[in-house]
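Position one of the sequence shown corresponds to residue 1 (full-length UniProt numbering), numbered consecutively onward. Backbone N, C-alpha and C fix where the C-beta goes; we use that ideal spot for every residue, glycine too. From a predicted model like this one, the values you see are computed outputs, not experimental measurements. Report on the following structure.
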Amino acid sequence: MNQAVRQAKLENKQRLANYIGQQLNVVVNPKALFDVQIKRIHEYKRQLMNVLHVIARYNRIKADPDAEWVPRVNIFAGKAASAYYMAKHIIHLINDGGGSGQQRSADRR
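This is the structure we're talking about:
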């Protein structure tokens, strides 16, 4: 990858990490891999698969904390129609599984 592109990506990730820190009081590693899914919550849009992957990865990290894990930041954003029962459950799972992120980071120590 071109060095200028790599530098631009890092600067943008640093800006996003700073914004997240200021708005949510969560420390984010700007050198981590960012996995972002921002769209209306719906069963066919794969948010459920993505959050299940996050939970499974968390369990693998807990089982083998000394392995070489690539730092990863997962960001979900979206809304669901008020009557969409399953989408609301997906939102609850994302919120329950994610916390603020700092609890999860503390587990790795």
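With a cutoff of 8 Å on beta-carbon distance, I75 and V51 are scored as not near each other. Taking Q22 as the centre and dropping the five residues before and after it, the same chain places no C-beta closer than 7 Å to its C-beta.
The closest CA to that of V73, considering only V28, E11, A87 and A80, is found on V28. Taking the CA atoms as reference points, I38 sits about 21 Å from E11. For I41, there is no enclosing beta strand (DSSP E), as DSSP marks it with neither H nor E.
A Cβ-Cβ separation of about 4 Å places A80 in contact with I41 under the 8 Å criterion.
Taking I91 as the centre and dropping the five residues before and after it, the same chain places the C-beta of I41 and A80 closer than 7 Å to its C-beta, in chain order. In the structure shown, N74 falls within a strand segment according to DSSP collapsed to helix, strand and coil.
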